[in-house]
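In this note's numbering, the protein residues as written are 495 to 779.
Think of the CB as a built atom: it goes at the ideal place given N, C-alpha and C, for glycine as much as any other residue.
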Ligand SMILES: Cc1cc2nc3c(=O)[nH]c(=O)nc-3n(C[C@H](O)[C@H](O)[C@H](O)COP(=O)(O)OP(=O)(O)OC[C@H]3O[C@@H](n4cnc5c(N)ncnc54)[C@H](O)[C@@H]3O)c2cc1C
């Protein structure tokens, strides 16, 4: 069990009004929003555990779960990276700096930052899965001396889908070994081509018994990443996945996000692999 308790707002329905203070276009259909609470409610301290999420609310359209993607040490707003998928995210994409929306949270469990202390960390991200992992990267960098070796393997369909490319040099400077791979090579790409698991399989872990694997991305990628981790000798209790399910209440009440006995909104999204594994391999759950 992750030792990190969910840090739910005392009233899960409380919706802050936030203003888009800044927005950055990342890749095709993906943008990062800097949201600042403007309703004067002092309960928003912008505190969260890497891996947690907020519900973004577009009045008259709906709500959707979006992970924090910013530095947890930063206290000047909520940072979210959003890909256009359906109604809510399409409407959000039409907003501009200065526009307002609703936000409630934070919700869910986070990456097990306390359990990672003193250990090596293998981070495996696929596509937009890098967004909920970026706060963890920042956390590891902010407390670099507390952790052993850190690898980040990041994959995307093409190089244009690799999120936050301008930051990789800074991550590497903080002794994080960043390896990139793409499914399909496009003009100008001369790095790895292939799935992330091929790169995991090539790793020589100096101390697998002291290594944690944390992964976020398409479910099939996480399944195979976990299997590769197990082959390298990482214990099933040291593998962590972030699950995605359709969410409505985000507070463990409505059951929309239930997977087996787990409510992904409150027992997850970050779950230890041994806990979620039986349900990951059941099709159409
Ligand atoms: C914990 C968590 C964290 C997340 N973090 C992020 C994040 O950081 N960034 C991000 O961009 N996304 C994130 N997501 C995903 C995001 O919540 C979804 O993409 C969300 O559904 C978008 O809402 P929407 O209204 O725009 O799209 P929706 O209308 O919900 O549509 C989403 C997709 O599902 C399809 N769809 C919708 N309804 C149906 C249906 N009835 N049958 C079949 N297909 C359907 C749509 O065509 C579309 O492709 C996260 C999800 C979870 C659970």
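For this session: Would you check if the distance between the CB atom of residue 731 and the CB atom of residue 761 is smaller than 8 Å?
Result: Mapped onto the chain shown, residue 731 falls at position 237. Mapped onto the chain shown, residue 761 falls at position 267. No. Outside cutoff.
Exercise. Hey, is residue 637 close to ligand 1, as in C-beta under 7 Å from one of its heavy atoms?
Worked result: The sequence position of residue 637 within the chain shown is 143, counting from 1. Residue 637: no, Cβ never under 7 Å from ligand 1.
Exercise. Among 775, 584, 738 and 756, which residue has its Cα nearest to the Cα of residue 622?
Worked result: The residue you call residue 622 lines up with position 128 of the chain shown. The residue with the shortest Cα to Cα distance from residue 622 is 738.
Problem set entry | Beta-carbon gap between residue 607 and residue 543 smaller than 8 Å | As a working mapping, residue 607 is identified with position 113 in the chain shown. As a working mapping, residue 543 is identified with position 49 in the chain shown. Yes, they are a contact pair.
Exercise. Which residue's Cα is closest to the Cα of residue 554: 546, 629 and 583?
Worked result: Counting from 1 along the chain shown, the entry for residue 554 is found at position 60. Among 546, 629 and 583, the Cα nearest to that of residue 554 is on 583.
Problem set entry | Whole beta strand (DSSP E) elements within the region 721–772, 3-residue minimum | 733–736 and 764–766
Exercise. Rounded to a whole number of angstroms, what is the C-alpha to C-alpha distance between residue 741 and residue 601?
Worked result: In the chain shown, the residue the question calls residue 741 occupies position 247. In the chain shown, the residue the question calls residue 601 occupies position 107. About 11 Å.
Exercise. Based on Cα-Cα distance, which residue from 563, 587 and 593 lies nearest to residue 578?
Worked result: As a working mapping, residue 578 is identified with position 84 in the chain shown. When only C-alpha atoms are compared, the closest one is 587.
For this session: Let me know the secondary structure DSSP gives residue 497 once reduced to three states.
Result: Position 3 of the chain shown, counting from 1, holds the residue named residue 497. Summary for residue 497: the model assigns pLDDT 43, below 50, so the residue's position carries little reliability, and this model does not support an answer.
Problem set entry | Buried or exposed (CB count within 10 angstroms, at least 16 for buried), residue 710 | In the chain shown, the residue the question calls residue 710 occupies position 216. So residue 710 counts as buried.
Exercise. Between the region 623–638 and the region 683–702, do three or more beta carbon pairs fall short of 8 Å?
Worked result: no
Exercise. Looking only at C-alpha atoms, which of 643, 524, 717 and 610 sits nearest to residue 456?
Worked result: Residue 456 cannot be examined here, being either before or after the span of the chain that is shown, 495 to 779.
Exercise. Which stretch, first to last residue, makes up the alpha helix (DSSP H) that contains residue 695?
Worked result: To locate residue 695, count along the chain shown from 1; it is residue 201. 690–696 is the extent of the alpha helix (DSSP H) around residue 695.
Exercise. With 16 as the cutoff for other CB atoms within 10 Å, does residue 714 come out buried or exposed?
Worked result: Translated into the one-based positions of the chain shown, residue 714 becomes position 220. Label assigned to residue 714: exposed.
Problem set entry | residue 563 beta carbon less than 8 Å from that of residue 526 | Position 32 of the chain shown, counted from the first residue, corresponds to residue 526. Position 69 of the chain shown, counted from the first residue, corresponds to residue 563. Contact flag set, yes.
For this session: Below 6 Å CB to CB, which residues in the same chain sit around residue 649 once its five sequence neighbours on both sides are set aside?
Result: Translated into the one-based positions of the chain shown, residue 649 becomes position 155. Within the same chain, residue 649 has close Cβ partners 620, 675 and 690.
For this session: Say whether chain C places a C-beta atom closer than 8 Å to the C-beta of residue 608.
Result: The question asks about chain C, but that chain is absent: this structure has only one protein chain.
Exercise. Is residue 679 closer than 8 Å to residue 687 when the C-beta atoms are compared?
Worked result: Translated into positions along the chain shown, residue 687 becomes position 193. Translated into positions along the chain shown, residue 679 becomes position 185. Contact check for residue 687 against residue 679 passes: the beta carbons are separated by less than 8 Å.
Exercise. How about residue 582: is its Cβ closer than 7 Å to a heavy atom in ligand 1?
Worked result: Working through the chain shown from its first residue, we reach residue 582 at position 88. For ligand 1, at least one heavy atom lies less than 7 Å from the Cβ of residue 582.
Exercise. At a cut-off of 7 Å, is residue 741 close to ligand 1 when judged by its beta-carbon and the heavy atoms of the ligand?
Worked result: Within the chain shown, the letter at position 247 stands for residue 741. For ligand 1, at least one heavy atom lies less than 7 Å from the Cβ of residue 741.
Exercise. Among 565, 522, 599 and 595, which has the Cα closest to the Cα of residue 512?
Worked result: Counting from 1 along the chain shown, the entry for residue 512 is found at position 18. Residue 595 is the option with its Cα nearest to residue 512.
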